[in-house]
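A.B. asks:
Dropping the structure here:
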């Protein structure tokens, strides 16, 4: 028995010589790579097939400087994660916590810059389903923007009892309330109402709505009233900008009306890719938050967790390195 025991084969070790947690993370990152590859691949296909019709920087308000700064932020944060993991391996837990805090701070900076970019897209109406892709949609968009500017200007000067009326007073109601003391603002409201009516009727601004009936009566057989053109809307915007009272509000609230081909597709892809990436940044912050929550109790038992969190963060960084040139530069 002793002889057979001495010659018994050693136990066979199965699997890879790495912790199960690390192996599981690598498998998870493999699925994440496929997840983002689908987005990036779809974006590339759409971008190539659209050719010169794809929206340019002047239309999409992409800020290359902001994207470049965020790229630097993520690369620096990845370096800090490496330093934190190295400190954990050398049992310098105080240093590890310090660099994890640095990483968290840079992650907040990244999300702050991204929020600033998102606000810019929202402010310019670059929201999926809201982008004007043809002349008619651009006219309607300009009309809505002018109406919003006029309403804001009216509410700022209208009598309190009128401004607080329920239901919300219309432009016409507010216009009548300020006609005497604020004729310029009343004029702006009149222009907004007129543009809205002309856009709905697809009628040239050269024909006042009050004269439409007379103009139609004078038409010969086969003739039609002139349609509203995008140039007319643009000229009306420029005319209103020249007004000293509300010109600045119109300039910053009503953008030059022009269609953006594939604008909704770009907005959808942009928010989809960068939005999911931002979610992954938040997940990484949660992982680092778990480590920082340990405080002085952070010890060597968290070394593998720190390494796994670092690997995940490097993946997040790598995804952005692909997104930045594709969305911001090319």
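In this note's numbering, the protein residues as written are -12 to 317.
Even for Gly, the Cβ is constructed at its ideal location relative to N, Cα and C.
1) Given that a residue counts as buried once 16 or more other Cβ atoms are within 10 Å of its Cβ, and exposed if not, what is residue 207?
2) Measuring only the C-alpha atoms, how far is residue 249 from residue 256?
3) Along the chain, where does the alpha helix (DSSP H) that runs through residue 283 open and close?
4) Between the Cα of residue 216 and the Cα atoms of 124, 170 and 251, which residue gives the shortest distance?
5) Restricting to runs no shorter than 4 residues, where is the alpha helix (DSSP H) found entirely within the region 5 to 67?
6) For residue 394 and residue 42, I'd like the C-alpha separation in whole angstroms.
7) Quick check for students: name the residue ranges of the alpha helix (DSSP H) that lie wholly in the region 188 to 248, counting only runs of 4 or more.
8) Terminal residues of the continuous alpha helix (DSSP H) containing residue 139?
9) Once DSSP output is grouped into helix, strand and coil, what is the label at residue 250?
10) Do residue 214 and residue 235 count as a contact pair if the criterion is CB distance below 8 Å?
11) Under a three-way DSSP split, which group does residue 178 fall into?
12) Roughly how many whole angstroms lie between the Cα atoms of residue 237 and residue 115?
13) Assuming contact is defined by CB atoms lying nearer than 8 Å, are residue 127 and residue 186 in contact in what I supplied?
14) Skipping 5 residues on each side, what residues in its chain have a beta carbon closer than 6 Å to that of residue 68?
15) Exposed or buried, which one is residue 307 when buried takes at least 16 other CB atoms within 10 Å?
16) Quick check: the Cα distance between residue 156 and residue 141, rounded to an integer number of angstroms?
17) If we call anything under 8 Å between Cβ atoms a contact, is residue 36 one with residue 120?
18) What does a CB cutoff of less than 6 Å around residue 70 pick up in its chain, not counting 5 residues either side in sequence?
19) Using a C-beta cutoff of 8 Å, does residue 225 count as contacting chain B?
20) Assuming residue 135 and residue 158 make a contact with CB atoms under 8 Å, what is their CB distance in whole Å?
21) With distance defined between alpha-carbon atoms, name the residue in 139, 259, 204 and 290 nearest to residue 274.
22) Would you call the CB atoms of residue 94 and residue 64 closer than 8 Å?
23) Given a threshold of 16 other Cβ atoms within 10 Å of its Cβ, counted over all protein chains shown, does residue -12 qualify as buried or as exposed?
24) Given this structure, state the Cα-to-Cα distance separating residue 320 from residue 52, to the nearest angstrom.
C.D. replies: Taking the geometry as given:
1) exposed
2) 11 Å
3) It is not in any alpha helix (DSSP H) - residue 283 carries neither H nor E in the DSSP assignment.
4) 124
5) 7 to 37 and 44 to 47
6) Residue 394 lies beyond the range of the chain shown here (-12 to 317); nothing can be said about it.
7) 199 to 204, 217 to 228 and 234 to 240
8) 122 to 144
9) helix
10) no
11) helix
12) 24 Å
13) yes
14) 90, 297 and 300
15) buried
16) 10 Å
17) no
18) 86
19) Reference to chain B is not applicable here, since this structure consists of a single protein chain.
20) Actually they do not touch by this definition, with Cβ atoms about 10 Å apart.
21) 290
22) yes
23) Model confidence at residue -12 stands at a pLDDT of 48, short of 50, so the residue's coordinates are unreliable and nothing is read from them.
24) Within the shown structure, residues of the chain are numbered from -12 to 317, placing residue 320 beyond reach of any answer.
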